[in-house]
Amino acid sequence: MNKIMARKTIENLTKSSLSKVFRRLKKDTKGFSTLLVRDPIDFVDFESNLDEALDSLLSEINKNHYHPQKPCLHPSPKSKGINRPTVVFDVKDALVYRFCIEQIEDVLFKKARQKNIRGGVKITPNRAVSGGDFYEKWFKDWADHLDGIKDSLTTKRYLVNTDIASYFENINILVLKDLVRSDVKEKKGVMNLLFYFLENTRFRIDYEVNTFTGLLQEDIDCSRVLAYYFLHLHDGVMRAFCKEHDAEFYRFVDDMSIAVNSEVIGKKALRCITESLRRLNLVSSIEKTTIFNQKIAKQQLFFAENTKLSEFEKNVLLKLGKGQKVTREVQAIQKYYQKLLRDEKDEYKNWIKILKRFYSLAAYTKSNFLFSDITKHLIDYPILFTGSNTKLSKYLLRTRGEKKFNSVMSGIIKYLYSKENLYSATETSLLELLLTIDPQNYSL
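Take any residue in the sequence shown, count from 1 to its spot, add 4: that is its number in the working numbering.
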């Protein structure tokens with residue numbers, strides 16, 4: 005009878021493996037203190053009774069009693085009032101999701117990580133993030149992505165750009181399940197747990213029927229791995245198109261670029277993308293679809309500006325490493341920032357990525373040259389200041405005590421009370437920032 009009732013075990017699911025997942029998650033999220041709308045006390049309580057908590061979770065799963073809690077919906081900004089339905093998990097559910105992804109990500113990356121396909125970042129290795137952790141872990145991948153496109157445009161005359169409309173929200177979980185199961189054949193138990201989790205944490209507004217559409221957007225990087233993998237069949241279609249038409253295809257998560265020799269081939273590439281995505285129940289964003297000639301493409305992607313900023317970064321790090329002052333470098337960076345604004349480069353689509361680099365450089369050098377623009381940036385680019393380890397948090401923690409710091413804090417508080425405060429996730433991040441900075445560092 006016991007043999008008949010015995011349940012199948014989930015591969016590699018042990019107290020030890022869950023403990024390792026917990027430690028990695030804690031390391032990645034800085035002790036959970038920067039997770040969206042998550043009271044650190046919840047996690048302190050979990051960790052203070054870690055052995056019992058892990059035993060309890062393991063028992064729930066093995067006895068088939070585990071059921072994930074409904075995650076907390078905490079929208080983060082896109083732009084112009086449009087938000088992204090980000091969620092926050094209970095710590096137990098975050099561990100389950102991370103465990104499942106860690107068990108299969110090597111297989112998924114091997115399948116998806118082909119030439120010019122970037123934007124997927126593994127969650128298991130101990131990453132050595134360059135630059136004192138002022139750049140996010142995806143930054144080098146993005147820089148390599150741009151370098152590849154730049155090389156293509158030395159010979160190709162046009163660049164096609166597009167991305168997928170509401171990508172995460174339109175990923176079909178059942179299609180994803182079929183794809184993953186076809187590639188991960190050794191861990192059936194993990195697969196069952198993963199898709200049980202995804203199917204039972206999906207938000208269903210007004211008790212709607214479960215359409216199994218929509219991949220959760222969270223702050224622990226699991227869904228990003230699945231989203232990166234989901235398009236690998238589409239990548240194959242585009243590689244075949246490029247081979248036939250002497251073109252080159254690039255993808256960074258769902259941002260796609262195709263370097264081509266004529267505008268007509270560019271239109272054919274967009275038709276191919278449309279038909280390929282349709283097989284996955286996805287559509288391109290018409291608003292973000294462009295065909296630029298070589299000259300305009302180089303301007304829109306800020307090739308020259310990125311090269312200049314990399315030179316600044318190299319010089320700053322070299323001097324800081326030797327304990328030398330960087331006064332001249334800061335003046336040059338500030339002057340260059342003002343020049344780009346005069347040239348109206350902030351009107352370009354990819355300006356936010358350049359702005360991120362200026363915030364990183366300002367944090368490196370503890371410079372206050374961005375202080376006067378922070379309130380404007382909060383309104384125009386709220387995503388910069390939302391989520392874990394935000395640009396604003398790092399910058400202000402480095403520059404507290406600098407001149408005009410009081411006016412920055414005053415501007416943040418005014419923003420919180422203003423009608424421009426439209427995104428709950430941004431509000432939470434700003435409140436966490438205010439709690440992090442000692443009031444002795446400013447007076448209002």
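Note that beta-carbon positions come from the ideal geometry of N, C-alpha and C, so glycine has one too.
- At least 7 angstroms separates the beta-carbon of T278 from that of N165.
- For L305, there is no enclosing alpha helix (DSSP H), since its DSSP letter is neither H nor E.
- Residue state for D384 is assigned as helix, using DSSP reduced to three classes.
- For the pair Y368 and V320, the CB atoms are nearer than the 7 angstroms cut-off.
- Taking N372 as reference, the option from I86, Q335, E351 and M260 with the minimal CA-CA separation is Q335.
- Within the same chain, Cβ atoms closer than 8 angstroms to the Cβ of N214 are found at E203, R206 and R208, the five residues on either side in sequence being excluded.
- In the three-state reduction of the DSSP assignment, P81 falls in the strand class, which pools E and B.
- The beta carbon of L61 sits closer than 6 angstroms to the beta carbons of K96 from its chain, once the five residues preceding and following it are set aside; these are given in chain order.
- In the DSSP assignment, S288 is bridged to I168.
- With fewer than 16 other Cβ atoms from the protein chains shown falling within 10 Å of its own Cβ, D347 counts as exposed.
- Remark: fewer than three beta-carbon pairs, one from each stretch, lie closer than 8 angstroms, so the segment 327-334 and the segment 285-294 are not flagged as touching.
- Beta-bridge annotation (DSSP): I295 is paired with V164.
- One Cα belongs to Y101, the other to V184, and the distance between them is close to 15 angstroms.
- Counted as a single uninterrupted DSSP element, the beta strand (DSSP E) harbouring V264 occupies residues D259 to V264.
- R404 is positioned such that its CB atom lies no closer than 7 angstroms to that of K370.
- Pairing V264 with K160 gives a Cβ-Cβ distance under 7 angstroms.
- As a beta-bridge residue in DSSP terms, I121 pairs with R255.
- Our two residues, S52 and H69, have alpha carbons roughly 24 angstroms apart in a direct line.
- In the DSSP assignment, I224 falls outside any alpha helix (DSSP H) and carries neither an H nor an E.
- In the three-state scheme derived from DSSP, where H, G and I count as helix and E and B as strand, T278 is classed as helix.
- Look at N87 here: in three-state DSSP terms it is strand.
- Inclusion of A429 and I224 in the CB contact set at 7 angstroms is not warranted, their separation being larger than that value.
- Cβ-Cβ separation between T394 and S433: approximately 6 angstroms, consistent with a contact (criterion under 8 angstroms).
- Residue pairing by DSSP places C76 opposite V92 in a beta bridge.
- In the three-state scheme derived from DSSP, where H, G and I count as helix and E and B as strand, N176 is classed as strand.
- Around the beta carbon of A308, a 10 Å sphere encloses fewer than 16 other beta carbons of the protein chains shown; the residue is thus reported as exposed.
- In this structure I177 is in contact with F216, their Cβ atoms being roughly 4 angstroms apart against a cut-off of 8 angstroms.
- Taking a contact as a CB-CB distance under 8 angstroms, the pair V91 and Q221 counts as one, their CB atoms being some 7 angstroms apart.
- CA-CA distance, A231 to I175, rounds to 8 angstroms.
- Annotated three-state conformation of T217 is strand, per DSSP.
- Going by beta carbons, E173 and G123 fall outside the 7 angstroms limit.
- In this structure, the straight-line span from the alpha carbon of L322 to that of H249 is close to 45 angstroms.
- Excluding the 5 residues flanking it on each side, K82 has same chain C-beta neighbours closer than 8 angstroms at R88 and I387, in chain order.
- In this model, G193 and K398 are separated by some 41 angstroms (Cα to Cα).
- For the pair L396 and R255, the Cα-to-Cα distance works out to about 28 angstroms.
- Your pair P72 and F201 checks out as a contact, with CB atoms roughly 6 angstroms apart and the cut at 8 angstroms.
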